[in-house]
Amino acid sequence: MGLIDSHAHLTYPEFAGRIEDVLAQCRAAGVDKVITIGTSLSDARQAIELARQYPTRIHAAVGFHPHEADKVSEADLMEMGELWADPRVVALGEMGLDYHYGFANRENQKKVFSRQLELARGREKPLVIHCREALDDAVPLLVNQGFTNQPVVFHCFTGTRAEADRISEHGWRISFTGIVTFPKSGDLQEIAKVYPADRLIVETDSPYLSPVPVRGVRPNEPAHVAHVARFLAELRGISFDELAAQTSANTNRFFRLTQPTA
Numbered sequence: 183m184g185l186i187d188s189h190a191h192l193t194y195p196e197f198a199g200r201i202e203d204v205l206a207q208c209r210a211a212g213v214d215k216v217i218t219i220g221t222s223l224s225d226a227r228q229a230i231e232l233a234r235q236y237p238t239r240i241h242a243a244v245g246f247h248p249h250e251a252d253k254v255s256e257a258d259l260m261e262m263g264e265l266w267a268d269p270r271v272v273a274l275g276e277m278g279l280d281y282h283y284g285f286a287n288r289e290n291q292k293k294v295f296s297r298q299l300e301l302a303r304g305r306e307k308p309l310v311i312h313c314r315e316a317l318d319d320a321v322p323l324l325v326n327q328g329f330t331n332q333p334v335v336f337h338c339f340t341g342t343r344a345e346a347d348r349i350s351e352h353g354w355r356i357s358f359t360g361i362v363t364f365p366k367s368g369d370l371q372e373i374a375k376v377y378p379a380d381r382l383i384v385e386t387d388s389p390y391l392s393p394v395p396v397r398g399v400r401p402n403e404p405a406h407v408a409h410v411a412r413f414l415a416e417l418r419g420i421s422f423d424e425l426a427a428q429t430s431a432n433t434n435r436f437f438r439l440t441q442p443t444a
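In terms of our numbering, the sequence shown is residues 183 to 444.
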């Protein structure tokens, strides 16, 4: 079973006109599938189109990134809700809160996140959460909207053990990017070392966050998720093949990855 990059941005300019090359690199690295994330309406449409063009290799997850919050109208939210019904959309998001950057007003972020959660209820698709320095606000919003013990992943987790435990207490999970390979990520590595095997998911967040040994390479490629997996296998004292099989099984199960029939 090949690896899956559970979070990439194939619609970004760094990959324009070179999707075939990206997928060829994935194939060479043993990466079977990529979930591409749409973060605005136009980006979401492009993500879904890529999933239509490459139904066995690319799946889409779409939603409004918190950086977009100042620009999102109710009509936009309704249109995103319509896109969520597409069978090529395997998850809703990334959505959430980002207090690290000042790209959008915090109150607007909370309103857009909360509204997306309202629209997501009952759709039976997992949520992809972007949460940076905002866990104290994100958790109550998810709980109040009824997402306790529902399929929710906090992507690109870089928090503390206490934060990882708080996420797990609600039945949610975290995923690991190339940041876990960085020499100064000792605390994150300690979390990854003991994280439950049946919940482990890997991603690149490409074109960002190139892992060791290709740190500094731009753009980060979905194929580089193999480096994340190899590092985690060594960290956890298991074989690369075992780690790859476990994370792929987890990702397939969590996102219910199947080939669309329409």
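Beta carbons: idealized from backbone N, C-alpha and C, even for Gly.
As the structure is a prediction and not an experimental result, all values here were calculated from the model.
Opposing strand residues paired with residue i [DSSP bridges]
| i | result |
| --- | --- |
| THR218 | ALA190, ALA242 |
| PHE358 | VAL384 |
| ASP280 | ARG314 |
| LEU185 | VAL213 |
| ALA273 | ALA243 |
| PHE336 | ILE311, ILE356 |
Proximity to residue i [Cα-Cα], best of the options
| i | options | result |
| --- | --- | --- |
| GLU289 | ASP319, GLN228, GLU202, ILE311 | ASP319 |
| THR445 | ALA344, ARG412, ILE349, ASP347 | What is shown of the chain runs 183 to 444, which leaves residue 445 out entirely. |
| ASP380 | GLU306, GLU416, LEU425, TYR390 | LEU425 |
| VAL216 | GLU202, LEU223, SER224, SER222 | GLU202 |
| PRO393 | ASP423, ALA286, HIS409, PRO401 | HIS409 |
| LYS293 | ALA267, PHE329, THR330, HIS249 | HIS249 |
| VAL321 | GLU300, LYS307, GLU345, SER357 | GLU345 |
| LEU227 | THR342, GLU416, ARG270 | Residue identity differs from the one stated: residue 227 is Arg in this sequence, not Leu. The option with the nearest alpha carbon to ARG227 is ARG270. |
| THR363 | TYR194, LEU274, CYS338, THR218 | CYS338 |
| THR218 | ALA374, VAL310, ARG400, GLY368 | VAL310 |
| GLU300 | GLU256, ASN287, THR342, ALA286 | GLU256 |
| VAL407 | GLY199, ALA198, GLU196, CYS208 | CYS208 |
| ARG343 | ILE383, GLU385, ASP369 | ASP369 |
| LEU417 | ASP258, GLY398, SER367, PHE329 | SER367 |
| ALA233 | LEU265, VAL376, ASN402, ASP387 | LEU265 |
| ASN432 | ARG397, ASP268, TYR377 | TYR377 |
| ASP268 | SER357, ARG305, ARG200 | ARG305 |
| GLY353 | GLY341, PRO365, GLY328, ILE373 | GLY328 |
Presumed contact (8 Å Cβ cut-off) between residue i and residue j, rounded CB distance
| i | j | result |
| --- | --- | --- |
| VAL272 | ALA251 | Rounded, the Cβ-Cβ distance is 23 Å, inconsistent with contact. |
| PHE436 | VAL335 | 7 Å |
| LEU165 | SER430 | In the structure as shown, the chain starts at 183 and stops at 444, and residue 165 therefore has no counterpart that could be examined. |
| PRO404 | ASP187 | 4 Å |
| THR221 | PHE197 | About 14 Å; that fails the 8 Å criterion. |
| HIS189 | ASP347 | Not confirmed; about 22 Å, so no contact. |
| GLY262 | LEU223 | Gly is not the amino acid found at residue 262; the sequence shown has Met there. Confirmed, Cβ separation roughly 6 Å. |
Handout entry: Every unbroken beta strand (DSSP E) inside the stretch 294-320 [3 residues or more]
Key = 309-314
Problem - Inter-stretch contact at 8 Å, needing at least 3 Cβ pairs: the stretch 272-289 / the stretch 310-320 - result: yes
Practice task
Counting only runs of 4+ residues fully inside the stretch 373-428, write out the alpha helix (DSSP H) ranges in chain order.
Solution key: 407-418
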